[in-house]
C-alpha cells in the first residue's frame, strides 16, 4: 500500500504504476472530488470501460444480497455508488438530486453470517469481516480492473478487533469502519505446493445471477464462503439467465505490468470448479457445492491470516484506489455512523488473463 498527496492529473502515470506494483494506493485530501471526476479517473485506468461493474440492474435488483446493502446509484452518474450509514443529506450536493429520503445502511456480519457475535462480544468491540470479495458482477461482464473508493466522512471512535471464529484464534486489531485488503499474490504464495498447483491450473464457474443465487444463504464466520445448507435459490427461480453469459474464470490471474500471479476467487459466489493439477490433466468437474466451497476455503483461508491483511484506517478525504484484479477486500465493523463514501468501478472490456 502507498499513501500520499498527489495531483491526480499531473501524477497519473506515477499513480498507475504504483497501483500495479503495490495494489492499493491512497491519495489524501480528495473530499471534494465530484462523481463525474471520480468516474473520469476510473476511465483513465481502463479507457474502454463505460458501465458500472455490477451493471446497475440484475445484480442490484431486489432479491440480491446487494440490494440496499452495497450502494445507492447516483442518478446523474450511475457508475458511481453512494455507500455509508445514516440518512443521506441530499441538500449537501447537487448530484444527490433524486435520492431524497434515502437512508444508507452499512452491511454488518449479522446480515450475512450464520453465527453472530453475542451482545457481550459486540460490547467488547469485537467484529468480523463481512464478506471477502472482488468487485464484479460475475455474470455476463468482465470484472473491473480498478475500484476507487472515496471516504468523504468516516466513523470515529475506539478501535475494534476482528475475530475469525474459525478455531484458529485469529484476530486483527482495526480502526472503526476499516476496509480490509488481502493480496492475491500473497495468498498464492502462502499455499502448500499441492494446493498451489491446483490453483494455478483450475477454474471457477460462477453461478447465474450469483448474488441472487446466494440471497438466502449464510456465510462462514470468516466471510470467505457461504455455508452449504441448501438455501441457494433454485435455478428456475432466478431471473432469466443465459448459459452463454455464465462466467468461467481461472483461479489465478496475471498482473499485466509485473507478471505477478494472484489467487483471485470470489468465494461467496462460486458454483462449480474445473480442477486440474497440471497442464496436461483433463479437468475434473466438481459440482457439489459443499465440495466446491470446502476446496475454495482451503485455497483462500491462508490469504487472510492476520499478518497478511492490510486494514485501511480512513481519514476524511481519503481516496483509495485498488487493483481489483490483484486484491480481495472486505467491509468490517458495525453500523457506526454517520458515514458517507463514493465508490466507482467499471466492467472492463479486457478479459481476465
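Residue numbers (the working numbering): 2 to 354.
We put the CB at the ideal spot given by N, CA and C, even for glycine.
The structure displayed is predicted, hence computed values, not measured ones.
The three-state secondary structure of residue 252, taken from DSSP, is coil. In terms of Cα proximity to residue 239, the closest of 141, 226, 209, 332 is 209.
A direct Cα-to-Cα measurement between residue 23 and residue 39 gives close to 21 Å.
The way I'd put it, the region 82 to 92 doesn't touch the region 305 to 319; fewer than three beta-carbon pairs between them come closer than 8 Å. Residue 264 holds the alpha-carbon nearest to the alpha-carbon of residue 185 among 264, 174, 316. Residue 176 and residue 160 have their C-alpha atoms some 4 Å from each other. Shown here, residue 295 sits in a helix according to DSSP, grouped into three states. Under the three-state reduction of DSSP output, residue 130 falls in the strand class. In terms of Cα proximity to residue 115, the closest of 28, 276, 348, 230 is 230. Considered as a whole, the region 206 to 247 harbours 211 to 214 as its complete alpha helix (DSSP H) runs of no fewer than 4 residues, in chain order. Counting along the chain, the unbroken beta strand (DSSP E) around residue 88 starts and ends at 78 to 88. Here DSSP, grouped into helix, strand and coil, assigns residue 172 to strand. Note on residue 236: under 16 other CB atoms within 10 angstroms of its CB, so exposed under the neighbour-count rule. Taking all protein chains in view, the Cβ of residue 111 is surrounded by fewer than 16 other Cβ atoms within 10 Å, so the residue is classified as exposed. Its chain contains 206, 286, 287, 288, 293 as the residues whose beta carbon lies nearer than 7 Å to that of residue 273, once the 5 sequence neighbours on both sides are disregarded; these appear in chain order. Contact check for residue 331 and residue 132: beta-carbon distance about 6 Å, within the 8 Å limit, so the pair qualifies. DSSP lists 254 as the beta-bridge partner residues of residue 263. Rounded to the nearest angstrom, the Cβ distance from residue 319 to residue 27 is 5 Å, consistent with a contact under 8 Å.
As DSSP reads the structure, residue 104 sits in a beta bridge with 88.
The shortest C-alpha to C-alpha distance from residue 225 to any of 41, 107, 129, 30 is the one to 129. Residue 43 counts as buried, since at least 16 other C-beta atoms from the protein chains shown sit within 10 angstroms of its C-beta.
Each of 140, 258, 48 was checked against the Cα of residue 211, and the nearest Cα belongs to 140. In this structure residue 222 is buried. Its beta-carbon is surrounded by 16 or more other beta-carbon atoms within 10 angstroms. In the assembly as shown, residue 203 is a buried residue. Its beta-carbon has 16 or more other beta-carbons within 10 Å. In its chain, beyond the 5 residues on either side, 66, 131, 132, 219, 220, 224 have a beta carbon closer than 8 Å to the beta carbon of residue 113.
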